[in-house]
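A.B. asks:
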Amino acid sequence: MSVATYTIAGNGVRNFYSSSSSYIRRHNFPIIIPNIRSLSFPFNNSYVTAAVSSSSSTTSVSDSIGNSSNFTWDDVFQVSQSRSDLDGFFQKISLCNRGSEKRSDFIPFVIEDQIVGYVHIGFADQLSKFKDVFTITKDNTYGSQSGHVTLQSALKTPESRTEALGNVVKCLGEEVFPGIRNELYPVTSSYGGSVYFSLERAAAPYFGIKAYGIHMSGYVEKDGEKYLWIGKRSETKATYPGMLDHLVAGGLPHGMSCAENVVKECEEEAGIPRPISSRAIPVGVVSYMDIDGYRFKRDVLFCYDLKLPESFIPHNQDGEVGSFKLLPVTLVRDVIRNTEFFKANCNLVIIDFLYRHGYIKPEDDGYLKLLQSLRSGDCS
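For what it's worth, our numbering labels the leading residue of the sequence shown as 200, then goes sequentially.
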């Protein structure tokens, strides 16, 4: 891990970018300049600290989920603050809540008379081939004219269901479920409810399972200003390679509390020791419902804030983050408003952070509507 600190002030902005570009050109590195209106920075006399993983790679994954990285940290620094309305935030929230008009293409997935998910009728046809696991019933008992999916009656226990669904996931493999992680999600009708079985994380959206996760905003206060530590995902990640991400985030595995998961993810993703990570504060949730092809994401994200010491530098431990940077919250706000550099669901959590820390105000047109849209999914 190498660390570099840049002081960017006034006219030094253009010189900083010019010298960075020259260095990149001299060493034959590719550089992509976005089509933006301005080269202005939304901050002056600010300090930007970069922590770059020595193991980062520029290799892309052709079959990845999400937009591949087409931008550099330099591009992030150039984002203009020309917009002051909330439209850019509404657009980012809509990216997590697509496809409501296609809801009728999905049928309920039912376990023990409880709807635990939704399956696309096309995917249900594929599942019908596993006759020892699934039953497709053509009735409207659960509100769908196209019927519902359930499991064979012989699969009575969570253990037997977990094993049977695990075999289906293995059989269909990466071609159907890209990004298999061998990480199990609990299948339940609501948070804290009965767990009917556990399912591979990558398969969860294909079964419309409610998924829960934690996202932590790690921030620093310096000279009266707030800064957020932001990660740039590894280019080799199977999902959303090279995109901007929270300092710490992760799905909530079976049998683990949110607080325990925060501590675990803090250590793995940013090298934050327990004495510091245990001070993270739960501050609420965001939720969304997104339909994309056969995928029906019904996610609830538990949000945490952690105030970090100025001296702290994150060190990724699991190879999933290419680099980190400490950015002024005002810059992060404008990157979200004006670009699609962030992994989509991170936008919701950071917009929530902007509300709670006073960067979005009641005087802003659309204030209440935007606040409500942060919980467009089922928070149960």
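For each residue, glycine too, the CB sits at the ideal point set by N, CA and C.
1. Does the Cβ of T271 have 16 or more other Cβ atoms within 10 Å, making it buried, or fewer, making it exposed?
2. Give the straight-line distance between the Cα atoms of E464 and Q344, rounded to the nearest whole angstrom.
3. Could you spell out where the alpha helix (DSSP H) holding E467 opens and where it closes?
4. Can we count Y554 as close to the ligand SAH, meaning its CB is less than 6 Å from some heavy atom?
5. If we count Cβ pairs, one from each stretch, closer than 8 Å, do we get three or more for the stretch 526-543 versus the stretch 498-505?
6. On the criterion of 16 or more Cβ atoms from any shown chain inside 10 Å, does E358 qualify as buried, or is it exposed?
7. With S456 and C578 assumed to form a contact (beta carbons below 8 Å), what rounded beta-carbon distance in angstroms separates them?
8. Is the number of C-beta pairs between the stretch 542-560 and the stretch 413-432 that are closer than 8 Å three or more?
9. Considering Cα atoms alone, identify which of Y341, N381, I429 and I480 is closest to A469.
10. Examine the Cβ distances between the stretch 301-321 and the stretch 388-407 and report whether three or more of them are shorter than 8 Å.
11. So within the stretch 467-492, which uninterrupted alpha helix (DSSP H) runs reach at least 4 residues, ignoring any that extend past its ends?
12. Decide if Q571 is buried, meaning its Cβ has at least 16 other Cβ atoms within 10 Å, or exposed.
13. In the DSSP output, which residue or residues are listed as bridge partners for E562?
14. May I ask you to report which of helix, strand or coil DSSP gives D274?
15. Starting from the C-beta of Y222, find all residues in its chain whose C-beta is less than 7 Å away, skip the five residues before and the five after it, and write them out in chain order.
16. Output the residue ranges of the beta strand (DSSP E) runs that lie fully inside the stretch 325-400 and measure 3 residues or longer, sorted by chain position.
17. Taking the alpha carbon of I559 as the reference point, which residue from Y493, D274, D284 and D273 has its own alpha carbon closest?
18. Go ahead and label E562 buried or exposed: buried means 16 or more other beta carbons lie within 10 angstroms of its beta carbon, across all protein chains shown.
19. Can you give me the Cβ contacts of N544 inside the same chain, cut-off strictly under 6 Å, excluding the 5 residues immediately before and after it?
20. Secondary structure at Y439, three-state DSSP: helix, strand or coil?
21. Who are the Cβ neighbours of N227 in its own chain at under 8 Å, not counting the five residues just before and after it?
22. Considering only DSSP beta bridges, list what Y418 is partnered with.
23. Bridge partners of A410, per DSSP?
24. Check the DSSP bridge columns for Q313 and list the partner residues they point to.
25. With a Cβ-Cβ cutoff of 7 Å, do V318 and Y341 count as a contact?
C.D. replies: The structure says:
1. Its Cβ being crowded by 16 or more others within 10 Å, T271 is buried.
2. A direct Cα-Cα distance of roughly 42 Å separates E464 from Q344.
3. Boundaries of the alpha helix (DSSP H) around E467: C457 to A469.
4. The ligand SAH is absent from the structure shown, which contains no ligand whatsoever.
5. With the cut-off at 8 Å, the stretch 526-543 and the stretch 498-505 do not touch.
6. With fewer than 16 other Cβ atoms within 10 Å, it is exposed.
7. Not really, about 18 Å apart at Cβ, beyond 8 Å.
8. Touching, per the Cβ criterion.
9. Put simply, of Y341, N381, I429 and I480 the residue whose alpha carbon is nearest the alpha carbon of A469 is I429.
10. Taking a cut-off of 8 Å for Cβ pairs, the stretch 301-321 and the stretch 388-407 touch, as three or more such pairs fall below it.
11. Entirely contained in the stretch 467-492, the alpha helix (DSSP H) runs reaching 4 residues are, in chain order, 473-476.
12. Classification for Q571: exposed.
13. Beta bridge pairing from DSSP links E562 with no other residue.
14. Helix.
15. Note on Y222: pLDDT 32, under 50, position unreliable in the model; the coordinate value appears next. Result list for Y222: empty, nothing under 7 Å.
16. The beta strand (DSSP E) runs lying completely inside the stretch 325-400 and spanning 3 residues or more are 333-336, 347-350, 383-386 and 396-399, given in chain order.
17. The shortest CA-to-CA distance from I559 to any of Y493, D274, D284 and D273 is the one to D284.
18. E562 should be labelled exposed.
19. Answer for N544: C295, listed in chain order.
20. Assignment of Y439 by DSSP, reduced to helix, strand and coil, places it in the coil class.
21. Low confidence applies here, because N227 scores a pLDDT of 37, under 50, leaving its location unreliable; read the following figure in that light. Contacts found: none.
22. The secondary-structure analysis by DSSP pairs Y418 across a beta bridge with L427 and K506.
23. Note: A410 sits in a beta bridge opposite D498.
24. According to DSSP, which records beta bridges pairwise, Q313 is partnered with I310.
25. Taking 7 Å as the Cβ cut-off, V318 and Y341 do not qualify as a contacting pair.
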